[in-house]
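Below is one structure, written out as structure tokens; comments come after it.
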Ligand SMILES: NC(=O)C1=CN([C@@H]2O[C@H](COP(=O)(O)OP(=O)(O)OC[C@H]3O[C@@H](n4cnc5c(N)ncnc54)[C@H](OP(=O)(O)O)[C@@H]3O)[C@@H](O)[C@H]2O)C=CC1
Ligand SMILES: O=C1O[C@H](COP(=O)(O)O)[C@@H](O)[C@H](O)[C@H]1O
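In this note's numbering, the protein residues as written are 901 to 1392.
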């Protein structure tokens, strides 16, 4: 079935084809695009890494990674026959000419019109170098389009992000650069705009007169897994807050764009990020909470503390949890706190947004003020994908008393809906040249500007870690953030 009208022709070049991201996300996503007819037969994939694999080894690995997708043997071999491997060290100049030759051969064989998509699924310290070499060895020169997808993290602070951006911009134009943030490929994150801008009942109330606060939670059950080396240098603020969480904030608070184009949507998101109130160093501990998980229990299973996960982490002061209270200084949002929290080894895997509407000045249907239930709009991103609206009504037998009831749409319950993986959507968008759900440099820079003072202040003082139990919803201080304002985290 072809869900979209365009069936791109392209050679994908994956740097880091033997790695975790390629195996878990990229190969299955390319397969799904192919299976759904969102990719024409005119495509090839070149996998690159240092390991001395052959085309056959790569194809076997691709097969293993997509087996779950229940393909027949014939479908699998048709698909994997488009994959080619080249053993390649990105630091070795001698390898780039050979790569160009292989791509040109494949362009002839598969008639891909010279379209090239370079995907950098490698450690970020290689991003600048690869971009430079692609230009230097003429791999950017082709009869079709050339695009570059860059994985996260994009720098470790504003200064390093600028350096990286300058390196990449020397080789590629901004409109060829696709900085991926996979949260922007999630169905319900994309739906934020639709829910807001296609519904008068929400958009008319979407401001500080009617909304008392907004809560964003991205909690994970998993711990650091085998990414300790990366994660310990990063921590929750760099790993999740600087990118995924601030992107959701921008989508939730932006003004309606004048058109649904990449340029207009980005321009509105950028205005929100510019309006984020910068945190003064002396306010960091008042408005932001950091945490690191201790041992605990999740789903009745004992799990170790962060420091016990790997010998290199034994004395780590890296945060695995961050919560904060953000303010956006513009006419629409002045005074509305946006609470965010994200962390590893929490009680459950959830990504959800709760929009709490203001109480009525006087509600005739409650016996006491304590029983009031505000209206809540929940945008459930994962594991449920849908929306829930909490309203008040009298239930049978409760007479003239109001009780909260929930109106729920859960996409997971709708038969026949097969929500595509975030990476699948974003890969497709890139092949058709739609950069709407990728981040512009200005968004990256503004997000670092917001996060940097928090990280700098934290770096000055050793935290008292661990400070939350695995299987909990984070440190107690994260609850106090809201309690000080008379709110509490809603269940997610
Ligand atoms: N894994 C994940 O879930 C996520 C990953 N990311 C990002 O994706 C990127 C890749 O991550 P991930 O796949 O986990 O990393 P891995 O460590 O699993 O893979 C790294 C890849 O780079 C290759 N490589 C390393 N050095 C060289 C070199 N000098 N020349 C050529 N190839 C080299 C490795 O292969 P070989 O050793 O054979 O050379 C391997 O294929 C990172 O930027 C990460 O932050 C982002 C979100 C989630
Ligand atoms: O980018 C990242 O995201 C994942 C969480 O992604 P999700 O789609 O499962 O919500 C996180 O585990 C990882 O640390 C981070 O790098």
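Note that the Cβ used here is the ideal one computed from N, Cα and C, for glycine as well.
For residue 919, the shortest separation between its Cβ and any heavy atom of ligand 1 lies below 7 Å. In this structure the region 1209-1221 does not lie against the region 1080-1089, because fewer than three pairs of beta carbons, one per stretch, are closer than 8 Å. Relative to ligand 1, the beta carbon of residue 988 is positioned inside 7 Å of a heavy atom. According to the DSSP assignment, residue 1303 belongs to the beta strand (DSSP E) that extends over 1303-1310. Pairing residue 1011 with residue 982, the inter-Cα distance amounts to about 12 Å.
Taken in chain order, the complete alpha helix (DSSP H) segments of 4 residues or longer contained in the region 1088-1158 are 1100-1103, 1128-1134 and 1146-1153. CA-CA distance, residue 931 to residue 908, rounds to 14 Å. Nearest to residue 1330 by C-alpha distance, out of 1301, 1018, 962 and 1014, is 1018. The DSSP assignment places 994-1010 as complete runs of the alpha helix (DSSP H) inside the region 988-1015, in order along the chain (cut-off: 4 residues). The region 943-961 makes contact with the region 915-925: 3 or more CB pairs, one atom from each, lie closer than 8 Å.
Under the DSSP definition of a beta bridge, residue 1059 lacks any partner.
Proximity of the beta carbon of residue 1251 to ligand 2 is indicated: a heavy atom of the ligand is located closer than 7 Å.
A straight-line Cα-Cα distance of about 35 Å links residue 1190 and residue 1164. Three or more pairs of CB atoms, one per stretch, sit closer than 8 Å, so the region 1270-1282 contacts the region 1238-1258. Nearest to residue 1056 by C-alpha distance, out of 1142, 987 and 1089, is 1142. Minimum Cα-Cα distance from residue 1150 among the listed residues 1092, 1048, 1062 and 1006 corresponds to 1092.
If you ignore the 5 residues before and after residue 1217, its C-beta comes within less than 7 Å of the C-beta of 1362, 1363 and 1365, all in its own chain and listed in chain order.
Residue pairing by DSSP places residue 1179 opposite no residue, since no beta bridge is assigned to it.
Distance from the Cα of residue 1360 is smallest, within the candidate group 1185, 971 and 1307, for 1185. DSSP, read as helix, strand or coil, puts residue 1048 in strand. In this structure, the C-beta of residue 948 approaches ligand 1 to less than 7 Å from one of its heavy atoms. If you draw a straight line from the Cα of residue 1103 to the Cα of residue 1233, it comes to about 13 Å.
Boundaries around residue 1197 are those of the beta strand (DSSP E), 1193-1198, since no alpha helix (DSSP H) includes it.
Residue 1388 sits exposed, since fewer than 16 C-beta atoms from the chains shown fall within 10 Å of its C-beta. For residue 1246, the pairing in a beta bridge is given by DSSP as 1372. By the neighbour-count definition (other C-beta atoms within 10 Å, threshold 16), residue 1261 is an exposed residue.
In chain order, 965 place their CB closer than 6 Å to the CB of residue 923, counting only its own chain and leaving out the 5 sequence neighbours on each side. Using a Cβ distance threshold of 8 Å, residue 1229 and residue 1175 count as a contacting pair.
The shortest CA-to-CA distance from residue 1169 to any of 1147, 1159 and 1177 is the one to 1147. Counting the other Cβ atoms within 10 Å of the Cβ of residue 1332 gives fewer than 16, which makes it exposed.
Assigned with DSSP and collapsed to three states, residue 1080 falls in coil, not helix or strand. Here the region 1117-1124 makes no contact with the region 1300-1310; the two share fewer than three CB pairs at distances below 8 Å.
Under the DSSP definition of a beta bridge, residue 1251 partners with 1118 and 1282.
Residue 1314 is classed as exposed because its beta carbon has fewer than 16 other beta carbons within 10 Å across all chains shown. Contact check for residue 1220 against residue 1206 passes: the beta carbons are separated by less than 8 Å. Distance from residue 1058 to residue 1349 at the Cβ level is roughly 6 Å; contact confirmed, criterion being Cβ atoms closer than 8 Å.
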